[in-house]
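J.: First the structure, which I've put down as structure tokens, then a few questions once you've had a look.
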Amino acid sequence: MYELKTQPHEADVDAFLAQIADSQQRADAQTLRQLMETISGEPAVMWGATMIGFGSYRYHNTSGQGRYFAVGFSPRKTNLTVYIMLGFENYGDLMAQLGKHKTGKSCLYIRRLSDIDLGILQTLIEKSLIQLKATYPD
């Protein structure tokens with residue numbers, strides 16, 4: 380079975396967030412943490428060196444199976460990266476209302492939270508978690 384390099388570990392999320400140099404990005408990361416903890420009902424956990432995940436799900440695909448966080452984010456140098464695990468194809472209406480952003484397969488890139496509508500982001504995260512549970516029930 381293939382094992383992902385990115386695994387949860389016991390590193391201190393508060394210490395990781397405290398070391399973010401840009402004060403606005405640090406504040407935005409704290410806001411994302413609170414939002415995701417509230418929506419998921421799960422505590423923040425470090426995954427790898429730079430990702431913060433909330434909850435987990437067991438996936439299975441052509442590479443095998445494993446466990447990964449259900450929703451998460453990473454404060455990168457130029458963007459906050461929000462991870463919506465099943466991607467965005469079912470959320471065109473929400474994405475159109477979100478505000479200034481870019482996307483990858485399951486990555487949402489946001490420069491600042493002030494660039495987007497936080498209510499729309501909350502709805503997007505809520506719907507993605509519902510879809511994830513329906514797709515990968517434990």
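For the sequence shown, the residue numbers in our numbering are 380 to 517.
A virtual CB, placed ideally from N, CA and C, is assigned to each residue, including glycine.
I'd like to know whether the C-beta of Gly483 is nearer than 8 Å to at least one C-beta of chain D.
T.: Structure shown: chain D not included; a single protein chain is present.
J.: Please give the ranges of any alpha helix (DSSP H) in the region 437 to 482, keeping only runs that are unbroken, at least 4 residues long and fully inside the region.
T.: Listed in chain order, the complete alpha helix (DSSP H) runs (minimum 4 residues) inside the region 437 to 482 are 471 to 477.
J.: On the three-state DSSP scale, how would you describe Ala423?
T.: The count along the sequence shown starts at 1 and reaches residue 423 at position 44. Shown here, Ala423 sits in a strand according to DSSP, grouped into three states.
J.: Use the C-beta contact count for Gln413: other C-beta atoms within 10 angstroms, 16 or more gives buried, fewer gives exposed.
T.: To locate residue 413, count along the sequence shown from 1; it is residue 34. Exposed is the call here.
J.: Looking at the structure shown, is Met380 part of a helix, part of a strand, or coil, going by DSSP?
T.: If you number the sequence shown from 1, residue 380 lands on position 1. Residue confidence for Met380 is low, a pLDDT of 46 falling below 50, so the modelled location carries little weight; the figure read from the coordinates is stated next. Met380: coil per DSSP, three-state reduction.
J.: Helix, strand or coil for Ser485? Go by DSSP, reduced to three states.
T.: Here the question's residue 485 lines up with position 106 in the sequence shown. If DSSP states are grouped into helix, strand and coil, Ser485 belongs with coil.
J.: For the alpha helix (DSSP H) that contains Gln386, what are its first and last residues?
T.: Taking the first residue of the sequence shown as 1, we reach residue 386 at position 7. From DSSP, Gln386 is part of no alpha helix (DSSP H); its letter is neither H nor E.
J.: By alpha-carbon positions, which one of Asp496, Gln510, Gly466 and Pro454 ends up nearest to Gln404?
T.: For the purposes of this step, residue 404 is taken as residue 25 along the sequence shown, with counting starting at 1. Looking at the Cα atoms, Pro454 is the closest of the given residues.
J.: When burial is assigned at 16 or more other CB atoms within 10 Å of the CB, is Ser402 buried or exposed?
T.: Sequence index remark: in the sequence shown, residue 402 carries index 23 (1-based). Exposed is the call here.
J.: What is the DSSP secondary structure of Ile431, reduced to helix, strand or coil?
T.: As a first step, residue 431 must be located in the sequence shown, where it is residue number 52. Strand.
J.: For Ile495, list the residues DSSP reports as bridge partners.
T.: Residue 495 sits at position 116 when you count from the first residue of the sequence shown. DSSP lists Gly478 as partners of Ile495.
J.: Kindly list the residues whose CB is nearer than 6 Å to the CB of Thr385, restricted to its own chain and excluding five residues on each side of it in sequence; keep chain order.
T.: Within the sequence shown, numbered from 1, the residue matching residue 385 stands at position 6. The residues are Trp426 and Gly427.
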